[in-house]
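For the sequence shown, this note's numbering assigns the number 957 to the initial residue and increments by one for each residue that follows. Where is the CB? At the ideal position from N, CA and C, for every residue including glycine. Take a look at the structure below.
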Amino acid sequence: MPPIARKVIGAWLIAGCCMVFFQVIIGGVTRLTESGLSITEWKPIKGIVPPLNEKEWNDEFALYKQKVQYKVINEGMSLSEFKWIYFWEYFHRFWARFMGIVFAVGFGFFLYKKWFDRNLILRILPLFLWGGIEGVYGWYMVSRGLRGIYVPPIHLSMHLVIALSLFAYLVWITVYVLRGEGTFTRPSPALRNLATAIILLLFVQIFFGGIVSGMKAGLSYPTWPDMNGSFIPASLFNEPATSIGFTTYNAQDDWGRTLIQVLHRFTAYILVLLVVVFYFKASKISDDRPFRIGLNLFPLLILLQATIGILTLLHCIGHIPVLWGVLHQAGAMLLLANTIFIYFHLSAKSSQ
């Protein structure tokens, strides 16, 4: 690959990473402002154009008024208030379409310039399928949510996991293009296995986090390090186990909210411990400067993410704080990107 091609393709991929990052943040704002069900129809082409006059706005509002969410929690909402929640859902969908155009145009241009080799084409093509799956699943998630008050937590979480797995894969490809593949480190199999375990556990934690958000579980236990005075609430053992709160939003599912909070908290503790252990074990395996920067950021990012998570919990008094919730999601993505960056250097061996 010509040096200029590597730089330009790398810049395109970095832009793609930033766009996906921003899309997930917009999705977080959409969720936390309860805007996700404001657009009641899926129009992949026609939906590009938002309502342009008062009649079109009233037509969209009339469709929303027929849904359960409006009747239960938003009855009496003004048109201007509806426009606010509509904006976030529309922006979320618009940005997804915009990303698709940027990726498609860039991909076509680089094919025309013959800057792609076969390996890179095969690595990039799954991004388009992945993005399509995310879009289709996003609408399926919304369609299920339109039957009730909110999107079912399990679907919200799966939508998030698909998005962040796409983001992680895109980060990997970006590092592959910019750095090539070579021997950057001298890790032992045990260290590489530890890094793999951290990545897997990080995705488990992201899944738990999506459930916590979908259940609004932070409202039940806005304290730390205890959970309303207990290390592990007695309700987890005294109340009957149920899965209803995972598949359908249920504010009365105290057992489900307790379980997911306990899982999310304890997984966070394990992750912090594993990252710190990894940091010290990997501290002398390479003198490669980019790898060293990523490694030194690792414990800082995991501690920052844990701190933001705690602050988010402490601000869950009566409502979910939008700012802290979005910052917590952003922190998870930065941590994931850095983890993938480190793992690339542990696993890259053959030359490009």
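Cβ-Cβ separation, residue j to residue i (assumed contact under 8 Å), whole Å
i, j, result
"valine 1117", "phenylalanine 1164", "That pair is no contact at about 10 Å."
"isoleucine 965", "tryptophan 1128", "Contact doesn't hold; Cβ gap of about 14 Å is too wide."
"tryptophan 1211", "alanine 1197", "6 Å"
"threonine 1263", "leucine 1157", "Actually they do not touch by this definition, with Cβ atoms about 19 Å apart."
"glycine 1101", "glycine 1174", "Incorrect: roughly 19 Å between the Cβ atoms, too far for contact."
Between the CA atoms of residue j and residue i - distance to the nearest angstrom
i, j, result
"lysine 1237", "leucine 1147", "7 Å"
"threonine 1139", "alanine 1304", "6 Å"
"alanine 1052", "proline 1082", "16 Å"
"glutamate 1137", "aspartate 1243", "16 Å"
"asparagine 1184", "glutamine 1217", "12 Å"
"leucine 1270", "tyrosine 1177", "9 Å"
"serine 1306", "isoleucine 1200", "Unreliable positioning characterises serine 1306 in this predicted model, as indicated by a pLDDT of 40, which lies under 50. A coordinate reading is not provided."
"threonine 996", "valine 1107", "13 Å"
"leucine 1251", "isoleucine 1266", "24 Å"
"phenylalanine 1038", "serine 994", "8 Å"
Three-state secondary structure (DSSP) of residue i
i, result
"serine 1113", "helix"
"serine 1176", "coil"
"serine 1186", "strand"
"tyrosine 1205", "coil"
"tyrosine 1106", "coil"
"cysteine 973", "helix"
"aspartate 1210", "helix"
"tryptophan 1044", "helix"
"histidine 1284", "helix"
"glycine 1166", "helix"
Environment of residue i [buried if 16+ CB atoms lie within 10 Å]
i, result
"asparagine 1206", "buried"
"phenylalanine 1300", "buried"
"proline 958", "exposed"
"phenylalanine 1247", "buried"
"aspartate 1073", "exposed"
Legend entry - Cβ contact check for the stretch 1226-1234 and the stretch 1166-1185: 3 or more pairs under 8 Å: no
Legend entry - Stretch pair the stretch 993-1011 + the stretch 1039-1055: three plus CB contacts closer than 8 Å: yes
Legend entry - Touch test, the stretch 1244-1263 against the stretch 1279-1299, Cβ-Cβ under 8 Å, three pairs minimum: yes
Inset, instruction - Would you be able to state if there are at least three C-beta pairs under 8 Å between the stretch 971-984 and the stretch 1051-1065? - result: yes
Inset, instruction - Check whether the stretch 972-988 touches the stretch 1019-1030, counting contact only when three or more Cβ pairs, one atom from each stretch, lie closer than 8 Å. - result: no
Legend entry - Given 8 Å, three or more beta-carbon pairs between the stretch 1279-1293 and the stretch 973-982: yes
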